[in-house]
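Residue numbers (the numbering used here): 4 to 260. Built from N, CA and C at the ideal position, the CB exists for glycine as well. Just so it is clear, the structure is predicted and the values come from calculations on it, not from any experiment. Heads up: the structure comes next, in structure tokens.
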């Protein structure tokens, strides 16, 4: 065996070790990670909320309030997402979904030449119409509102976009239905009556309209300083009973003659 053959293997081994060590040194210098002050990993336990302390879900805004500021022009832009399955023209036919001309207040599952799903047919058979409220709930999450519907739309959680879309759908009609009245403002939670206002006693009747309030007594109804207190008026005496009639007087006998 040639004496230089083992030297070649040794040199090759040393060369590999040199390359590996060089790569390790360079990688440590390029990607330096400082050691933490305290070795180990901090594990933060997630605390379960106390009973009754769970945060309440945000209250849904009614569609009557959303439609007061809705913009049909913006809704026309949102409606472009629906054109893949629906038409909004007056004489437009059905596509994957039924046409949407006159959809607001239209009875559900009422387009005669469209094949609805069984769930939608049941929804329409119950007498439901596509009111503003039903459209809002359905477009938020279709499969949750009507379970079993064939609607492929996943839903729109954006209140403003949904209201704009419904405002545009309202215009797809020869006689657009009126917008709903805005909801009445609810009193603020924990509101207190005006300062100084005493609660009315139970069973008290309101004062008659136009009746003048009673004038307060002078000095708040208290006697003047130094004035003697007036005695209370005596109770009324009962009327005396009528006197018994006097007995009839007998005539005196005539003197004897």
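Across the set 109, 118, 110, the C-alpha of 118 shows the shortest separation from the C-alpha of residue 99. A Cβ-Cβ contact shorter than 8 Å links residue 132 with residue 109.
The segment 142-156 makes no contact with the segment 70-81; the number of CB pairs closer than 8 Å stays below 3. Exclusion of the five residues before and after residue 174 leaves 75 as the residues of its chain whose Cβ lies within less than 6 Å of its Cβ. A straight-line Cα-Cα distance of about 34 Å links residue 63 and residue 95.
Take the alpha-carbon of residue 79 and the one of residue 167: they are about 8 Å apart.
Between residue 126 and residue 147, the gap from beta carbon to beta carbon reaches 8 Å or more. Under a 10 Å Cβ-count criterion, residue 186 is classified as exposed, with fewer than 16 other Cβ atoms of the shown protein chains found around its own Cβ. Residue pairing by DSSP places residue 110 opposite 132 in a beta bridge.
C-alpha of residue 120 to C-alpha of residue 84: approximately 22 Å in a straight line.
For residue 75, the enclosing alpha helix (DSSP H) begins and ends at 75-82.
If you draw a 10 Å sphere on the C-beta of residue 138, you find 16 or more other C-beta atoms in it, and that means buried. Residue 33 counts as exposed, since fewer than 16 other C-beta atoms from the protein chains shown sit within 10 angstroms of its C-beta. As the crow flies, the alpha-carbon of residue 158 is around 27 Å from that of residue 177.
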